[in-house]
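Chains as they are written, first to last, in our numbering: chain A, 6 to 347; chain B, 6 to 294; chain C, -12 to 393.
Note that beta-carbon positions come from the ideal geometry of N, C-alpha and C, so glycine has one too.
Please read all numbers here as calculations on a predicted model, not as lab measurements.
Notes follow the structure.
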Amino acid sequence: MAETVSVDSTVAMRRGSGTGIAVWRWAGIAALIAVAVVLPSTISNYHVFELTQVMIYAIAVLGLNILTGYNGQISLGHGGFFAAGAYTAAVLMHRYGVPYWATLLPAALVCFALGMLFGVPALRFEGPYLALVTLAMAVAMPQLLKYFDTWTGGQQGIRLAKPMPPPELGLDRDRWLYFFVLVVLLVAIRVAANLLNGRTGRAFVAIRDHPIAAAAMGINTARYKTLAFGASTLFTGVAGALAAIVIGFVAPESFTLFLSLSFLVGSAVGGIATIGGAIVGGFFIEFVPNVANDISDAAPWAIYGLAMLLVMYVMPRGVVGTAGPWLAHAIQQLRSARRAAK
Amino acid sequence: MHQLLQQIFSGLAAGAVYASLALALVMIYRATDLVNFAQGEMAMFSTYIAWTLVNAELPFWAAFVITLAVSFVGGMLIERIVIRPVENAPILTMVVVTIGLLLIFNATAGWLYSYTLQEFPSPFPDRTLFGALMTTRDVGVIAVTLVMLVALFCFFRFTATGLAMRAAAQNPESARLCGVRVGRMLALGWGFAAAIGAVAGIMVAPVLFLDPNMMSGVLLYAFTGALLGGITSPVGAVVGGLIVGVTENLVGTYLIASQLKLTVALILIIIVLVFRPNGLFGTALVRRV
Amino acid sequence: MRAKQTVVTGVCMAGLMLAVNAVYAAGQYGPGVTDTEIKIGNTNPYSGSASSYGINGKVHAAYFAMINEKGGINGRKINYITRDDSYSPPKTVEQARQLVEQDKVFLLFAPLGTPPNMAIHDYMNENKVPQLFVATGADQWNDPKHFPWTMMWLPSYGIESHIYANYILKNLPNAKIAVLYQNDDYGKDYLNGLRAGLGDKAAKMIVATQSYETTDPTVDQQVVALQGSGADVLLTAAIPKFAAQTVRKVYDIGWKPTHFLNSVGNSVGLVMKPAGLEKGVGIISATYHKDPTDPQWQNTPEYKEWLAFMNSHGFSGNITDSQAVIGYSYAQTMAEVLRMCGDNLTRENVMKQAASLHNLQLPMLLPGITLNTSADDFDPIKQMQLEKFDGTTWQLFGDVISGSGT
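Below you can see the structure in the form of structure tokens.
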């Protein structure tokens, strides 16, 4: 019924086919990192800024993937957790003068706590009912932000000073923030990979696919489901904090229901139960609306909607979700063909 | 006391608006096991079709009937062309497809008709009743919603097609084995839902005024009402919608400032759902191991 | 030998610099300007819940197209590039940066919305790019000392609510006031402006406030609650859809307060007619421009020119929409400022010219209302006139009032 393909394929890739595939994967990842490091020196400030946004969205979508992809709990409210992280960072920076890099940990902890709190009542709900509970978060956030205006600046929002890059590195502000976010992204991917490829990840997937069997086997479904929520919102909260730092302004209008829906779209387009898919999702959310605007300035959203439909038709499991297993399969075929030829 | 009555009646009027769209949501869910996020925008688009017809000098009821027919066919076509290709895809893919539809309908309406708000004629005269507690239009919305509710209830309970549709949604394979044309049931479900949405839109537009974003806010409330009542129950949808309308009004007036009324109303509803996780009238899902 | 080489090099370089200066001095150009073109940028919400404001950008585009058809400004065509930000501040930052850094526009004209403009406020001023004639009425944009590159256009919402406050203090000194406002910066500005205008009487006079979100389907609950407070004066700070609902509901529940309706929500075609013309009789508002449905302007050459413009550029469906009048007037102001620059099209000069407007008249503004700016005053329009609805149109009364804002 639900998605097991991509996780199974990575498991197969690691176990059955030996070290060959692992080498390919590491080479691919190293190549991507190398490109990411070299790229900023070859493109304009504006494009560096855009790529920084992509990475921020990727971290947010990664959080959603943990919850909805690996653990099967749908969330329409991740925009609200993103806002929670952003405002935590903004209030700390603006009211208490905390330096920007030190706001990430508090934002992570605040959003982790929020997620765990959410996870408990969420245990009671499934499917559309869970969607409603999470939707409440997305809808309530802007209202709460406007109401507690002594803390949050209310409708006016909070203006933040832009971070200054350390002078020794000789980087301008855009590139410095790019590398800052890149480091956080790599750490996030590593943490997510460890979490999802280990016991916890397997428990998540078991609960998603066969909850009754999982419980029968002794997995504490309540604990793991709540943990999935907390871990998920932790990632998205950190992404929110980064967004506050990079944009330099937070306001309730920045965190509408549409943002939550965008994360969901990014997740599905990239590949819901994948890690790499989060990056593809980030690219989709960031660039496709702009391209849509260039194609049609009368109805940009119509083009955006069409793009969503097209991707879902051609790759129902998302880009990485469809391409990943296909690639793994192709490499396996190659190897067995080579082995047979020997 | 008068204020309390006013708020309750206003809440019922608003609740009827939510209930009418909630019925369409329930229809789709019963037929296809899917929550259609584009339902509101489809209803809005149908209303624009009716508006175009009315502006072309057609009498109201002729425009009404034609719009219903066009919406029904349109809904079936959407199921065939847009939903059918991703039928067996994971749930989230279907959700994203409905989000895509939402954007397409919204943007196309804005492009074709601009975002300027328009008036929409009402078949009911503009008068107040019960000493200014309600207008005839509000009563009209409630009446039409109840009629649709009865029709839907009878359809699912007493007709063969309704039974076939429920079977097709719950267990497509077994239904096929029994001779039910599952594909046709799905298309019919979408067609009916689109038609219900069209009625909702046409009833609601005189009250809310017609613009491409008319149903965006309503969808959220309709969704809440449908779930509160039980996403599988038409009666639940109506009762849920009405409860949402009245609760929100009372919360905003007596409990907390209007800035937080939606938040508090949602929290209250979620608390109710904690005790009845399938809604007030919904049936619990039995999972076979 | 070495010294001689240095001198020759020095002389050549000096000569080169003089020549380059001479070329620049002939027509001083900032980024985005050539002999034949001026590129200006804009952000507007063309999607999302604020998309009803998108008509502003469309009217600007049509107006500049019309100017180009007639030969442009001082021989240069206007290349107007507008981008959708969905009213989301992070998106506005992106689009503004794209316009400034990729499209290399000369200036940003009429970006719309308070949160969007706040998000780019620092960026525009740090990079010394004009953020000219912002499309929002918040008071904070009139701050040339700290933000010399940002200028307003609209009379601020504070000025308008001060005008209402003064009227109330003079004519209804014992009033009990209820306020319905949109729960964002725009609505809050009206509430705060009213409070400031009433001074120390505010706490006593304002007996109830209710807010609504743009995602709310109706405002019935708020209106009924405000009636329940016993107020006899109502200020409504709402956009057309909700203003129409309010006007209708107030009438339907039999409440008869002295009703002040903000200028954003007083369009006859979009608000008074859908609500029911007879339901709005006696409502007071303020305005600075001509209402396109007001019969007293219908035979004037200015109105006919505007109407011709609307019909020939695809806006026949919007000829009752005040926003189209406002957008038109905005674009005229921009064109005039560019004309005043002549061939000295640097960003500094644009700001200088924009800050030197003196009694500039625009065809669709009310007679007696002109644009005035100076080095300390970046709010061009500070005057409004009160008007009362008579069941068909708005009747102006009283004199043109100059406001001072907060």
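Taking 7 Å as the limit between beta carbons, can you name the residues of its chain near residue i, skipping five residues before and five after?
{"i": "D363 of chain C", "result": "P131"}
{"i": "A43 of chain B", "result": "T103, L106, L107 and F110"}
{"i": "Q197 of chain C", "result": "L167, Q209, A212 and L213"}
Taking buried to mean at least 16 other C-beta atoms within 10 Å of its own C-beta, is residue i buried or exposed?
{"i": "A9 of chain C", "result": "Low confidence applies to A9 of chain C: its pLDDT is 47, below 50, so where it sits in the model is not reliable, and the reading given next is rough at best. When all chains shown are included, A9 of chain C counts as exposed."}
{"i": "Q89 of chain C", "result": "exposed"}
{"i": "Q310 of chain C", "result": "buried"}
{"i": "N298 of chain A", "result": "buried"}
{"i": "M320 of chain A", "result": "buried"}
{"i": "Q264 of chain B", "result": "buried"}
{"i": "F254 of chain A", "result": "buried"}
{"i": "R63 of chain C", "result": "buried"}
{"i": "Y259 of chain B", "result": "exposed"}
{"i": "Y101 of chain A", "result": "exposed"}
{"i": "G304 of chain C", "result": "exposed"}
{"i": "F153 of chain A", "result": "exposed"}
{"i": "V40 of chain A", "result": "exposed"}
{"i": "H149 of chain C", "result": "buried"}
{"i": "K151 of chain A", "result": "buried"}
{"i": "L339 of chain A", "result": "exposed"}
Report all residues from its chain with a CB closer than 6 Å to the CB of residue i; omit the five preceding and five following residues, and keep chain order.
{"i": "V316 of chain A", "result": "V274"}
{"i": "L178 of chain C", "result": "V166 and Y168"}
{"i": "L278 of chain B", "result": "none"}
{"i": "Y67 of chain C", "result": "I27, A48 and F51"}
{"i": "A19 of chain B", "result": "G250"}
{"i": "F247 of chain C", "result": "Y151, L222 and I271"}
Express the C-alpha separation of residue j and residue i in angstroms, rounding to a whole number.
{"i": "P350 of chain C", "j": "P102 of chain C", "result": "30 Å"}
{"i": "L325 of chain C", "j": "F14 of chain B", "result": "57 Å"}
{"i": "V146 of chain B", "j": "Y183 of chain A", "result": "54 Å"}
{"i": "I368 of chain C", "j": "S250 of chain C", "result": "14 Å"}
{"i": "R195 of chain A", "j": "L109 of chain A", "result": "17 Å"}
{"i": "D219 of chain C", "j": "L264 of chain C", "result": "21 Å"}
{"i": "G242 of chain A", "j": "L176 of chain A", "result": "27 Å"}
{"i": "A208 of chain A", "j": "V152 of chain B", "result": "49 Å"}
{"i": "G287 of chain B", "j": "G234 of chain B", "result": "7 Å"}
{"i": "S316 of chain C", "j": "I54 of chain C", "result": "13 Å"}
{"i": "L222 of chain C", "j": "Q78 of chain A", "result": "46 Å"}
{"i": "I25 of chain C", "j": "Y62 of chain A", "result": "35 Å"}
{"i": "G19 of chain C", "j": "G90 of chain A", "result": "39 Å"}
{"i": "K167 of chain A", "j": "V251 of chain A", "result": "7 Å"}
{"i": "T93 of chain A", "j": "A27 of chain A", "result": "39 Å"}
{"i": "P126 of chain A", "j": "F240 of chain A", "result": "20 Å"}
{"i": "V325 of chain A", "j": "H334 of chain A", "result": "13 Å"}
{"i": "G158 of chain A", "j": "I201 of chain B", "result": "43 Å"}
{"i": "A74 of chain B", "j": "A29 of chain B", "result": "15 Å"}
{"i": "I65 of chain C", "j": "M47 of chain B", "result": "39 Å"}
{"i": "G16 of chain B", "j": "A199 of chain B", "result": "25 Å"}
{"i": "L97 of chain B", "j": "I277 of chain A", "result": "8 Å"}
Please list, in chain order, all residues of the same chain as residue i whose beta carbon is under 8 Å from its beta carbon, the five residues on each side excluded.
{"i": "L134 of chain B", "result": "T140, T141 and V144"}
Does the beta carbon of residue i come closer than 7 Å to any beta carbon on chain F?
{"i": "P305 of chain A", "result": "Note that chain F does not occur in the displayed structure, where the protein chains are A, B and C."}
**OP:** Please specify which runs of the alpha helix (DSSP H), each continuous and at least 4 residues long, are wholly inside the segment 170 to 225 of chain C, giving them in chain order.
**Re:** 172 to 185, 189 to 192 and 207 to 215
Subject >> Contact between the segment 47 to 65 of chain B and the segment 117 to 128 of chain B (3+ Cβ pairs under 8 Å) >> reply: yes
Original post:
Whole alpha helix (DSSP H) runs in the segment 295 to 376 of chain C with 4 or more residues, listed along the chain?
Top reply: 309 to 328 and 334 to 341
**OP:** Report yes or no: do three or more beta-carbon pairs, one from the segment 101 to 112 of chain B and one from the segment 284 to 302 of chain C, lie closer than 8 Å?
**Re:** no
Original post:
Are the segment 245 to 262 of chain B and the segment 220 to 230 of chain B touching by the rule of at least three beta carbon pairs closer than 8 Å?
Top reply: yes
Original post:
Touching or not, the segment 103 to 121 of chain C and the segment 281 to 298 of chain A, by the rule of three or more beta carbon pairs under 8 Å?
Top reply: no
**OP:** Could you say if the segment 62 to 80 of chain C and the segment 26 to 46 of chain C meet the contact criterion of at least three C-beta pairs nearer than 8 Å?
**Re:** yes
Subject >> Cβ contact check for the segment 113 to 123 of chain A and the segment 48 to 56 of chain A: 3 or more pairs under 8 Å >> reply: no
**OP:** Tell me, please, whether the segment 261 to 278 of chain C touches the segment 224 to 244 of chain C by the rule of three or more beta-carbon pairs shorter than 8 Å.
**Re:** yes
**OP:** Go through the segment 252 to 291 of chain A residue by residue and report every complete run of the alpha helix (DSSP H) that reaches 4 residues or more, in order.
**Re:** 262 to 275
Original post:
What are the complete alpha helix (DSSP H) segments, minimum 4 residues, inside the segment 184 to 217 of chain A?
Top reply: 204 to 214
Original post:
Is there contact here, the segment 128 to 148 of chain C with the segment 333 to 343 of chain C, by at least three beta-carbon pairs under 8 Å?
Top reply: yes
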